[in-house]
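All remarks here apply to the structure that follows.
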Amino acid sequence: MLHIKCPHCGMRSQNEFAYGGDASVKRPELNKEISDLEWDNFVYLRKSLRGKHLELWHHISGCRQWFKVQRDTSTHEIFKTVKANEDI
Amino acid sequence: MSQNFRLDNIGLINRDKKISFKFNGKSYFGYEGDTLASALLANGIHLIGRSFKYHRPRGFFGAGVDEPYAIVQLYRNNETEPNVKSTEQELFEGLEATSVNCWPSVNFDIGAINNFLKIFLPAGFYYKTFMWPKSFWYKVYEPFIRKAAGLGVASIKHDKERYEHKYEYCDLLIAGSGPSGLASAYAAAKNGARVILAEDKPRFGGTLLTSEVNIGNQTGKEWADNIITELKEMPNVTVKNRSQIFGYYDHNMLVMSEKLSDHLPKTKKYHPKQRLWYIRAKEVLISSGSIERPLVFGNNDTPGVMLSSAAKEYLKVYGVLIGKKPLIFTNNDSGYETAIEFKKNGIIPVILDTRKDPKSEIIDEAKNLGIEIKFSYVVVAAKGYKKVKSAEIAKISDDKNELGLLESINCDCICVSGFWTPTIHLASQSGNKIKFNKDIDAFVPGVSKQNETTLGAANGTLTLEETLKDSFDSGYELSKKITNNDNKISLPVIIEKKSTQHDKFWCVPLPKGKTYKRFLDFQNDVAVSDVEIALKEGYRSIEHVKRYTTLGMATDQGKTSNLNGLQLVSNIENKIVPEVGHTTFRPPYTPVTIGTIVGREVGKHSRPTRKSPMHSWHEKNNAVFVDAGVWLRPRYYKQGNETLFEGSKREAKNVRTNVGVCDVTTLGKIDIKGPDAAELLNRVYTNAWLKLPIGKARYGVMLREDGIVMDDGTTTRISETHYHMTTTTAQAANILSHLEYYLQIVWPELNVNVVSTTEQWAGAAIAGPKSRELLQKLFPKIDTSNEGLPFMGYVEGELFGVHARIFRISFSGELAYEINVESDNGNYMWQKIMEIGKEFEIQPYGTEALSTLRIEMGHVAGSELDGRTIPYDNSLEGMVSKKKDFIGKRSLNRQAFVATDRQKVVGVVPLDKKTSIPEGSHLVKDANAQLPNPKLGYISASCWSVEFDNPFSLAILKDGKNMIGQKLFAMSPLKNKTIPVEIVSSHYVDPKGERVRS
Ligand SMILES: [Zn+2]
Numbered sequence: 000m001l002h003i004k005c006p007h008c009g010m011r012s013q014n015e016f017a018y019g020g021d022a023s024v025k026r027p028e029l030n031k032e033i034s035d036l037e038w039d040n041f042v043y044l045r046k047s048l049r050g051k052h053l054e055l056w057h058h059i060s061g062c063r064q065w066f067k068v069q070r071d072t073s074t075h076e077i078f079k080t081v082k083a084n085e086d087i
Numbered sequence: 000m001s002q003n004f005r006l007d008n009i010g011l012i013n014r015d016k017k018i019s020f021k022f023n024g025k026s027y028f029g030y031e032g033d034t035l036a037s038a039l040l041a042n043g044i045h046l047i048g049r050s051f052k053y054h055r056p057r058g059f060f061g062a063g064v065d066e067p068y069a070i071v072q073l074y075r076n077n078e079t080e081p082n083v084k085s086t087e088q089e090l091f092e093g094l095e096a097t098s099v100n101c102w103p104s105v106n107f108d109i110g111a112i113n114n115f116l117k118i119f120l121p122a123g124f125y126y127k128t129f130m131w132p133k134s135f136w137y138k139v140y141e142p143f144i145r146k147a148a149g150l151g152v153a154s155i156k157h158d159k160e161r162y163e164h165k166y167e168y169c170d171l172l173i174a175g176s177g178p179s180g181l182a183s184a185y186a187a188a189k190n191g192a193r194v195i196l197a198e199d200k201p202r203f204g205g206t207l208l209t210s211e212v213n214i215g216n217q218t219g220k221e222w223a224d225n226i227i228t229e230l231k232e233m234p235n236v237t238v239k240n241r242s243q244i245f246g247y248y249d250h251n252m253l254v255m256s257e258k259l260s261d262h263l264p265k266t267k268k269y270h271p272k273q274r275l276w277y278i279r280a281k282e283v284l285i286s287s288g289s290i291e292r293p294l295v296f297g298n299n300d301t302p303g304v305m306l307s308s309a310a311k312e313y314l315k316v317y318g319v320l321i322g323k324k325p326l327i328f329t330n331n332d333s334g335y336e337t338a339i340e341f342k343k344n345g346i347i348p349v350i351l352d353t354r355k356d357p358k359s360e361i362i363d364e365a366k367n368l369g370i371e372i373k374f375s376y377v378v379v380a381a382k383g384y385k386k387v388k389s390a391e392i393a394k395i396s397d398d399k400n401e402l403g404l405l406e407s408i409n410c411d412c413i414c415v416s417g418f419w420t421p422t423i424h425l426a427s428q429s430g431n432k433i434k435f436n437k438d439i440d441a442f443v444p445g446v447s448k449q450n451e452t453t454l455g456a457a458n459g460t461l462t463l464e465e466t467l468k469d470s471f472d473s474g475y476e477l478s479k480k481i482t483n484n485d486n487k488i489s490l491p492v493i494i495e496k497k498s499t500q501h502d503k504f505w506c507v508p509l510p511k512g513k514t515y516k517r518f519l520d521f522q523n524d525v526a527v528s529d530v531e532i533a534l535k536e537g538y539r540s541i542e543h544v545k546r547y548t549t550l551g552m553a554t555d556q557g558k559t560s561n562l563n564g565l566q567l568v569s570n571i572e573n574k575i576v577p578e579v580g581h582t583t584f585r586p587p588y589t590p591v592t593i594g595t596i597v598g599r600e601v602g603k604h605s606r607p608t609r610k611s612p613m614h615s616w617h618e619k620n621n622a623v624f625v626d627a628g629v630w631l632r633p634r635y636y637k638q639g640n641e642t643l644f645e646g647s648k649r650e651a652k653n654v655r656t657n658v659g660v661c662d663v664t665t666l667g668k669i670d671i672k673g674p675d676a677a678e679l680l681n682r683v684y685t686n687a688w689l690k691l692p693i694g695k696a697r698y699g700v701m702l703r704e705d706g707i708v709m710d711d712g713t714t715t716r717i718s719e720t721h722y723h724m725t726t727t728t729a730q731a732a733n734i735l736s737h738l739e740y741y742l743q744i745v746w747p748e749l750n751v752n753v754v755s756t757t758e759q760w761a762g763a764a765i766a767g768p769k770s771r772e773l774l775q776k777l778f779p780k781i782d783t784s785n786e787g788l789p790f791m792g793y794v795e796g797e798l799f800g801v802h803a804r805i806f807r808i809s810f811s812g813e814l815a816y817e818i819n820v821e822s823d824n825g826n827y828m829w830q831k832i833m834e835i836g837k838e839f840e841i842q843p844y845g846t847e848a849l850s851t852l853r854i855e856m857g858h859v860a861g862s863e864l865d866g867r868t869i870p871y872d873n874s875l876e877g878m879v880s881k882k883k884d885f886i887g888k889r890s891l892n893r894q895a896f897v898a899t900d901r902q903k904v905v906g907v908v909p910l911d912k913k914t915s916i917p918e919g920s921h922l923v924k925d926a927n928a929q930l931p932n933p934k935l936g937y938i939s940a941s942c943w944s945v946e947f948d949n950p951f952s953l954a955i956l957k958d959g960k961n962m963i964g965q966k967l968f969a970m971s972p973l974k975n976k977t978i979p980v981e982i983v984s985s986h987y988v989d990p991k992g993e994r995v996r997s
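Residue numbers (numbering that gives the first Met the number 0), protein chains in the order written: chain A, 0 to 87; chain B, 0 to 997.
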């Protein structure tokens, strides 16, 4: 079980959190004309990286804040966690 | 009955307390402090079971967690447990145990015939033999294997014992209380660190209990006892015995199984039997020691062949002799320690040493005691079937390839020592890159991945002095890093005997013409010949060899067999062991009961049960409940002997003719506040929200980004910047996370807050033609006319003194209102509704009637919004705005979503107007078509229409738009039904929706 530092609450066990996917994905802006390919990339395609990965987690049984985690997908090492509006 | 093999003046057992027990139905006694194994050995019992494959007689091989043989079925307090190691099970009054793997009895076992059918069970025998003919598997092979194999029988009764889980944090977690565990715990504790010290055995001290050493002018045991006593009194230290750390997971979380009651005749009231600890440690010190390696020779599985360290432990801890004519067979000095203990207690041992001319203090001591030692000698084979009676021995050449003349030697047990294997399971589980140490012919921990340090014998350290020095240092350094304290304990003076180099030889060659079985894996009956066959057949990877031969795959996880298996493969392959590699160590280190893992989460505690504030009223009024997610909801209110069908029909009918009331508290409710609330709704719903007036509700549909319908519900504008959203019961939590995601991550510029209010409001829906009259009486001050409170209107009022919200919304298709009051007033509201509603012939209705009402109206719900359908499929395309953008809109122009023959919800009526159509049935054109019959659609929900008094179903049907009026078949192979049906509009009742607006 991972030990994750919520930027709002501090170190908590993984069972308080929900995984939220790749944090580098940006939703296309509303009302913007985009190609089918661009939209499909956003909706369906995710990289399955081995190594450093920037991802979202949701402190679902805590403060209910979404935040960013930089984690190694093969070793589970967590390098850094920051608030949703901060950059790593 | 006297105990022929118990000594009077040695051991740590309590001779004042006799304990009686039964083994295979026969009564024996032992003493407090015995294990089942030591008590049986004291009574001269060596035959304890039969082996897994060949059903050869099995005795005791070890004295603890590494035991591969002596597994029993345990009976305790009217419960039974399989796969119990007799070497770990402490004796308690009334203990009963039986052998496993034998039928009809341990002395006469039919399965032993396998022993003579060697050809039947070589390596890979499962794969080869039981594959053919195919039809034999169920009838012949499987029943045979099931009868013959297994390590006991699991109880099928409900386990009444209590198991607990506990979470703990500490600075240092120390696994094992031998010399290194005690020293590091003591050094760290004295330096102010929060320490947990775990020991799997009942007694602390590990090898200090049996070794002849002196630490600071005390015996090893005295030193251990004093340290433990002091540690127990320190507030920053938790000391646990009978506690096995069995798994090492990410981020330094370890799990430990604590056995609190297994050593007692029964568990004390309100006490747990076992407890699972989740421990998050800043640093972990692994002091798990080492396990002696067997030497491999003919019939080395005969009862009476035992690890020499185990023989010493039985003698020194339990005062038990495993034999009176011991033969010690060793390739290192450890065997001598056992021989010396025998000699000191009046027993004459003989030592066979594979080495030619070793010299050390211990060897000198043995010589001085007059012990007979034969150098360059090996045991070729043990003789005797159910117990060792003698041994065939021979001199071995210097190159270890040639045996001399075979000699026979009388003995009643053979104590083997093939040097030591560090217990590196935890280190390996932590991700440590383990490495091979040539000096000790074994793997040791290498580079750590997590904050973990391995100490002492587990790290391949051979001397006590070095072990204690390392451990004092590590305990001090690591605690200093955490606490910044600087109290250092000085190393005591240590006296121990020096030993010399071990022999790398471990596997005795077969003499010419002999076919003795030489076992590597004692629990799974894997012999040298099996590994040879596997390699001959082309298996090379050690992982493949393991699976093909089952070497190391038993419940003991190869604790005594792994390394010898690797050595054999490397010898045959002419490689060195590190090139062969090692198989993966996985948790658990030793078997853990399912009860411990599950803990308290059994029965109704396996998940929360949510009840509405009106629950007790429903109970009192004969509600039959149904699980709706984690909620309990009334399915129907039973009158007399009514069935579900009759009751729900009555309730639904009453809604259509009079008025009914339904508990809708479970609906998800989300409070939305902020200047941008309307903008948020406009983006998450498919329809327009910017112009919703205050005091009005609107129905909305939400999509996922891939265009699939996620949820539906109504949202009401309570004030300029305040909205009340409802979601379906099942999606409540997901929708909140969904909104939070978009607000926090995607559109943080929106000034909106959302919070769940599901539990803050109790909800009652009153529905039916008389609901307005009822509402007027409940709220006399409110204008309830169609103009005053129109469809989708919202108003607040006083319900006999309590504040209420009134929404004119309808799920049933009838004129209907939903009243919400604060949860605490829910019961009060309900009672008032029932009381006032009497004159309108009100009846409560449950989820079954609720479903009936929505199905015949063609309202889609969870069974249609099933995560596979888009708005069009649910005839909700009218809800999709063409003007604005919203979540998922861009996906709706996907080719499949705009296909002209796209699936759509339809109504389905059986032609005979009698036969109900099972949900999940497939709709097909031709009932007799060849399989697989092309599926046109499926029945999503079925009911008995109370309006027309015949069955009615909803279905999702390909090209549904153009199928109205078609005749098809609904087929349910599960229910064995084929029903001719007609496709009709999904809006079966009141297709124009006039009632809700009346
Ligand atoms: Zn938090």
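From the three backbone atoms N, C-alpha and C, an ideal C-beta is built for every residue, glycine too.
Close-in-space but distant-in-sequence residues of the same chain around residue i (CB under 8 Å, 5 per side omitted)
i	result
L368/B	I339, K342, K343
N657/B	G767, P768, K769, F839, E840, I841, Q842
K355/B	F374, S375, D397
Rounded distance between the beta-carbons of residue j and residue i, thought under 8 Å
i	j	result
D261/B	M0/A	In fact, because the Cβ distance is near 26 Å, the residues do not count as touching under 8 Å.
A62/B	Y313/B	6 Å
T665/B	P612/B	About 11 Å; that fails the 8 Å criterion.
L565/B	H581/B	6 Å
Cβ neighbours of residue i in the same chain (closer than 6 Å, five flanking residues each side left out)
i	result
I361/B	D332, Y335, K496, S498
G246/B	V254, P586, P587
N84/A	none
Sequence-distant residues of its chain with Cβ nearer than 7 Å to residue i (five each side left out)
i	result
Y987/B	E855, G857, G906, S944, F951
I392/B	L351, Y376, V377, V378, V379, E406, I408
L562/B	R292, T420, A441
Which residues, in order along the segment 50–72 of chain A, keep a beta-carbon less than 8 Å from a beta-carbon of chain B? Residues of the segment 50–72 of chain A whose Cβ lies closer than 8 Å to any Cβ of chain B, in chain order: L55, H57, I59, R63, Q64, W65.
Which runs of the alpha helix (DSSP H) fall wholly inside the segment 368–444 of chain B and span at least 4 residues, in chain order? Complete alpha helix (DSSP H) runs here, min 4: 424–428.
Does the pairing of the segment 150–166 of chain B with the segment 268–284 of chain B give three or more beta-carbon distances under 8 Å? Verdict: yes, contact present.
In the segment 794–876 of chain B, which residue ranges form an unbroken alpha helix (DSSP H) of at least 4 residues, counting only runs that do not cross its ends? Segments of the alpha helix (DSSP H) lying fully in the segment 794–876 of chain B: 825–836, 846–856.
In chain order, what residues of the segment 23–44 of chain A put their CB closer than 8 Å to some CB of chain B? Of all residues in the segment 23–44 of chain A, only R26, P27, L29, N30, I33, W38, F41, V42, Y43 place a beta-carbon less than 8 Å from a beta-carbon of chain B.
So, do the segment 4–11 of chain B and the segment 64–77 of chain A have three or more beta carbon pairs nearer to each other than 8 Å? These segments do not touch.
Please specify which runs of the alpha helix (DSSP H), each continuous and at least 4 residues long, are wholly inside the segment 470–514 of chain B, giving them in chain order. Those alpha helix (DSSP H) runs which fall completely within the segment 470–514 of chain B and span 4+ residues do not exist here.
Taking any Cβ of chain A, which residues in the segment 306–331 of chain B have a Cβ under 8 Å from it, in chain order? The residues in question: there are none.
Does the structure place the segment 435–450 of chain B close enough to the segment 320–328 of chain B that three or more beta carbon pairs sit under 8 Å? Verdict: no, contact absent.
Taking beta-carbon pairs under 7 Å, can you tell me which members of the segment 719–753 of chain B lie near chain A? Of all residues in the segment 719–753 of chain B, S736, E739, Y740, Q743, I744, V745, P747 have a Cβ within less than 7 Å of some Cβ in chain A.
Selection of the segment 260–282 of chain B by Cβ proximity to chain A, strictly under 8 Å: Under the 8 Å Cβ criterion, the segment 260–282 of chain B contributes Y277, R279.
Mind the definition here: the segment 827–839 of chain B touches the segment 847–854 of chain B only if three or more C-beta pairs lie below 8 Å; say whether that holds. No contact exists between the segment 827–839 of chain B and the segment 847–854 of chain B.
In chain order, what residues of the segment 677–707 of chain B put their CB closer than 8 Å to some CB of chain A? Per Cβ criterion, the list reads R682, E704, D705.
Within the segment 616–653 of chain B, note down every full alpha helix (DSSP H) run reaching 4 residues or more, in order along the chain. Whole alpha helix (DSSP H) segments, 4+ residues: zero.
Name, going along the chain, the residues of the segment 873–894 of chain B whose beta-carbon falls closer than 7 Å to a beta-carbon of chain A. Close to chain A, meaning a Cβ-Cβ distance shorter than 7 Å, are the following residues of the segment 873–894 of chain B: D884, R889, S890.
Beta carbons nearer than 8 Å to chain A: which residues of the segment 231–264 of chain B have them? Only those residues of the segment 231–264 of chain B whose C-beta falls short of 8 Å from the nearest C-beta of chain A are listed: Y248, D249, H250, N251, M252.
Alpha helix (DSSP H) runs contained entirely in the segment 142–195 of chain B, provided each spans 4 or more residues: Here the runs fully enclosed are 178–189.
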